[in-house]
């Protein structure tokens, strides 16, 4: 429905050779088993009479044997018992945990990114609070000195200010909690569409309340920490100067007459940043986090859209992929397909892979089913986390999650049942795979034709071949096989996830810019309040308002450049590590960002720089309001 933008009342057709049947969409059905975009198979609910007509004219019969247990903790035990029995074993075994994994890959990725952004926003929010409080203290510094002079203790003044921020935190927490109950649906619409809206119970209201309470407690304790500055306020200095003493360091390396490359105002702006590094470090930290917040989602989105992402799905990169599902005549159709491809002069290279089920000895000493891909893995190689592809019959490569669950590594032995006998294989490689619950393997084994689950053929075409025309040709010749290029394969598999991630990425960029603008505005208002006497001194020395404005603009841009450079480097290193850590839960433990330099290193920094520069310029015009201080 969502992928094809279908609506109730629209028509779809099922066509096979000379048979054609028309259906009108009456309703949409939620299917937790096949709704995830990574699951290629989809199901339709039709009338019995229509089903019988379809069965007699096309398609193959497939049976699903399903069980619902009273105790979910016994799923693995039940699975081992079933696989040890003589009941039908052909096909993929899917458990409750695998359902969660498949759906997590569709919607969980977006949820993880939202949580990641939320944590960064909490850090930025705390910095906003710090700026607000320090700015307030700057504006009321003389009044604080007077209160201390008449005998009010620092602790009492601290309580006075803390009460104000306590009330603000309470009001903000209540408003945020109420707002979350309404706008939360904006982020859960897709999950509700596929899996249904969960019944609203007490937990629905308690969990957000707990989260809100935790944030409230963090804010209050942070405010209390910042207000400790009252203890260091000198009564005499507060009344005499009327502002906090700046942390100015005398940097002898920055001497004006020795600087011949920089303009005077630019030099003074940069010198001030180094002289008061403690003050500007906070603003720089905000810019670093904001850059990180912008670039990590952009890089992750670009990685998921890249054809190289197929390597995280346990497959080599190729021009065309052909999937052939199991059926009664699949062997004949597969052989005809291979013969056709071998005769096709447009094909540069190809490889055929089959996936079959084998029994493997697990850690508990019981045999369980495992999907093993068999074929030539050198034509379209994977990048292995450890080791390499199997080259001999006694070698096997495991997916990351399989190796983790079995606690196996390179060189360890694994026992499989091959042709009815136990066969000991040596683990030669570990790779990443987010398909089939992340639990697959690759080997060069003899297989039972009756245990084949599906066939896959990967092809690379010659450079002068029209790819679209060739795909259409293969679709007609190999029908009903699924023929796709890598872009289409990724789009069909991860299309919904990518669309959601695009929305989150745009939202993250917007939030980063808005927060940076807010912090920059607050910071320079605080700085102007702190530097009022210094500005008056510069005016008396003959500096114009424009000169002083250039100095403040230089400070902002210089700090911003440092923040962008450090934030970008962190996004490529720490950000990649964070995404890899989250990806390891689904089978991809080492994700390398595919970066679009134009977007990540030009567009994002440019938007960031424009927003901050304009904000600084607007705030620097307030310098004119300080002209009377020199008198």
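Numbering (UniProt numbering), first residue to last: 1 to 631. Every residue gets a Cβ at the ideal spot worked out from N, C-alpha and C, and that includes glycine.
Taken through DSSP and simplified to helix, strand or coil, residue 523 comes out as helix. Going by DSSP, residue 534 is part of the alpha helix (DSSP H) stretching over 532-540. Closest option to residue 291, judged by alpha-carbon separation, among 463, 517, 376 and 138: 517.
The shortest C-alpha to C-alpha distance from residue 331 to any of 162, 452, 501 and 528 is the one to 452.
In this structure, the CA atom of residue 489 is about 38 Å from the CA atom of residue 287. Only buried fits residue 504, as 16 or more other CB atoms lie within 10 angstroms of its CB.
For the beta strand (DSSP E) assignment, the uninterrupted runs of no fewer than 3 residues enclosed by the stretch 434-490 are, from N- to C-terminal side, 441-443, 452-461 and 482-485. In terms of Cα proximity to residue 444, the closest of 389, 406 and 457 is 389. Spatial neighbours of residue 283 in its own chain (CB-CB distance under 6 Å, excluding positions within 5 residues in sequence) are listed in chain order as 523 and 559.
By the Cβ-count criterion, residue 175 is exposed, with fewer than 16 other Cβ atoms from all chains shown falling within 10 Å of its own Cβ.
Residue 414 is bridged by DSSP to 425.
Taking C-beta separations shorter than 8 Å and ignoring five residues to either side along the sequence, the partners of residue 621 in its chain run 549, following chain order.
The distance from the Cβ of residue 513 to that of residue 611 is about 5 Å, consistent with a contact at the 8 Å cut-off. When rounded, the separation of the alpha-carbon atoms in residue 528 and residue 208 is 40 Å. A distance below 8 Å separates the beta carbons of residue 591 and residue 312. Here residue 616 has 520, 524, 552, 553 and 556 as same chain residues with Cβ atoms under 7 Å from its own Cβ, once five neighbours each way along the sequence are excluded. Annotation for residue 350: the continuous beta strand (DSSP E) segment containing it runs 347-361. Contact between the stretch 407-427 and the stretch 449-468 is absent: fewer than three C-beta pairs spanning the two stretches fall below 8 Å. A direct Cα-Cα distance of roughly 21 Å separates residue 430 from residue 351. For residue 371, the number of other beta carbons within 10 angstroms of its own is at least 16, and it is reported as buried.
Burial check for residue 597: the Cβ neighbour count within 10 Å stays below 16, so the residue is exposed.
Check the Cα spacing between residue 369 and each of 18, 74 and 94: the tightest is with 94.
Note that the C-beta distance between residue 441 and residue 397 is below 8 Å. Going by DSSP, residue 391 is part of no alpha helix (DSSP H) at all; its letter is neither H nor E.
Between residue 465 and residue 346, the C-beta gap is smaller than 8 Å, which places the two residues in contact. Rounded to the nearest whole angstrom, the C-alpha separation of residue 547 and residue 500 is 47 Å. Partner residues in the beta bridge of residue 324, as assigned by DSSP, are 455. Inter-segment contact for the stretch 217-226 and the stretch 160-174 is present: three or more beta-carbon pairs are separated by less than 8 Å. Listed as beta-bridge partners of residue 511 by DSSP are no residues whatsoever.
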